[in-house]
Each structure stands twice: as structure tokens, then as C-alpha cells.
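Only one structure is covered here, and it is reproduced in the block below.
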Amino acid sequence: VTRSRVPVSVVVALDTSDSMRGAKLRDALDAAQTLIAAKPDRSEVQLIGFAAEPQTLHTWTADPGASMSALAGVKTSAGTAIWDTVTTAAQQLGSRSGAARVIVLLTDGMDTSSAGTLTEAIAAAQRYHAHVDAVGLPGAPATAALRHLASATGGEFIQVSSLDQLHGVYAGLAARLSH
């Protein structure tokens, strides 16, 4: 996450594939709310859920309440399009002038549905100067790819060993947005 004092544009990208059903999704949504509530005042958030393809859950807003209410109706479905989601998020960040650009991506799986590749996702993030912070849930099989994505874009890969760690990880990411 950026350490700059300029306004920050953050895409919060949440895996909404069927494997996230139940406690994983509930804890991921709670962690996302933590990040949204603690974001710097001059920052904005867009929410994307992804299963077979990325879906905008809520467009750009600086209002934490609006973002959080959009999380209430999130449902799971088949597929996991990580690379297409990063590409879409990076493109949408490209329109945010004068702001630091960050994608916070959470997944428990590996990409099964993208038309694009990891290389294309990295290129899109680099083109739009977006850092990708990737959070892997316990048992996430694509940790090497997620680690490479984060490293190549100036972000960080965080592997949690328990769902209980998500709240603290997202609170830490929010705190770093403020510096």
C-alpha cells in the first residue's frame, strides 16, 4: 500500500466464488468494512466482487457508509477470475487523476475463469501505476502467482493462516494508506 500523502484511490476486490461461501465470505466482508471505515478522509473506494468475471459492487465514493451498504447483498457464484479482475481494477484506477492507486485483492483460490493472464494483469497494473496488495486466505493454492503479482506492482502479498487474522490485516492496510 502507498505511503504517500496524496489522495488515495482504492479498489477493494473480493473473491465471491462459491468456495468463499459461509465463514470465508462473511469474514472477508467484515475485513473489507474495516478497511473502508479506516481509510483516509481524502481517499475514495470502489468495490469489485469476482467469480467468473469481475462485477462492480459499488462505484467510486468517499462515503464509507455507501460502500459498506453495497457489501450487504454480496452472493457467491462459480468461477474465479483473478487476472481479469486486476486488469479491470487497474483500468478503472487509470481514470483517477492525481491520486495514489491501490488494489486490495482477497482470494482463497486460483484463477479458473480469466480470459487474460497473470502477465497481462501485471502489465495493466503497471501501466496505470496501481500497486496490488494481495491477501491469500488459508489454503489458497496460487500463492506464488499472487506473490509475483504483488511484487511486480510494488504491492505486498499477505498470506493469512486463519480467518481471524483478516481484520488485523485490513486494519494494517488501512493504516498504511494514511501514511
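Residues in the sequence shown are numbered consecutively from 1316, following this note's numbering. All residues carry an ideal CB built from backbone N, CA and C; glycine is no exception.
- One Cα belongs to Ser1334, the other to Ile1397, and the distance between them is close to 14 Å.
- Under a 10 Å Cβ-count criterion, Ala1439 is classified as buried, with 16 or more other Cβ atoms of the shown protein chains found around its own Cβ.
- Less than 9 Å divides the Cβ of Gly1469 from the Cβ of His1446.
- Beta-bridge analysis with DSSP links His1373 to Leu1362.
- Under the three-pair Cβ rule at 8 Å, the segment 1449 to 1457 does not count as touching the segment 1350 to 1361.
- The beta carbons of Thr1349 and His1494 sit no closer together than 9 Å.
- Along the segment 1390 to 1441, the beta strand (DSSP E) occurs as fully enclosed runs of 3 or more residues at 1415 to 1422, listed in sequence order.
- Straight across, the Cα-Cα distance linking Asp1345 with Glu1435 is about 30 Å.
- Boundaries around Ser1382 are those of the alpha helix (DSSP H), Pro1379 to Ala1385, since no beta strand (DSSP E) includes it.
- Assignment of Ser1477 by DSSP, reduced to helix, strand and coil, places it in the coil class.
- Residue pairing for His1463: DSSP places it in no beta bridge.
- Three or more pairs of CB atoms, one per stretch, sit closer than 8 Å, so the segment 1360 to 1377 contacts the segment 1401 to 1408.
- Per DSSP, reduced to three states, the secondary structure at Gly1469 is coil, with no helix or strand assignment.
- Put simply, the segment 1386 to 1405 touches the segment 1321 to 1331. At least three CB pairs are less than 8 Å apart.
- Contact between Thr1395 and Gly1424 holds: CB atoms are separated by about 5 Å, below the 8 Å threshold.
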